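**Student:** For the sequence shown, the residue numbers in our numbering are 1 to 60.
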Amino acid sequence: MNTATLFRLLCLTALWIILCYLLIQGRGINLWTIFVIVASGIVVFVPLYKKYMRNGNGKA
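(1) Thinking C-alpha only, which one of N2, L6, T3 and L12 is nearest V43?
(2) Can you tell me where the alpha helix (DSSP H) holding G26 begins and where it ends?
(3) Answer yes or no: do M1 and Y49 have a C-beta to C-beta separation smaller than 8 Å?
(4) Within the same chain, show all residues whose beta-carbon is closer than 8 Å to that of L23, passing over the 5 residues directly before and after it, in chain order.
In structure tokens, the structure reads:
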């Protein structure tokens, strides 16, 4: 994984963490908020994991 890809992943992760923080601050912690955070994490990070981590350099 080159540095540009790593930088993009770190920026995306930081943005996701900030948005999760704002969601928790605005709505509080309950089961629905936890579900939304977990679901958004799956939607965002599973395809990236499949592309960059599992297959090496994104090659199928």
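Ideal placement from N, C-alpha and C gives every residue a C-beta, glycine not left out.
All of these numbers come straight from a predicted model, not from anything done at the bench.
**Tutor:** With the given structure in hand:
(1) Taking V43 as reference, the option from N2, L6, T3 and L12 with the minimal CA-CA separation is L12.
(2) Per DSSP, the unbroken alpha helix (DSSP H) holding G26 starts and ends at T3 to R27.
(3) With contacts defined as CB atoms closer than 8 Å, M1 and Y49 fail to qualify as a contacting pair.
(4) The residues are T33, V36 and I37.
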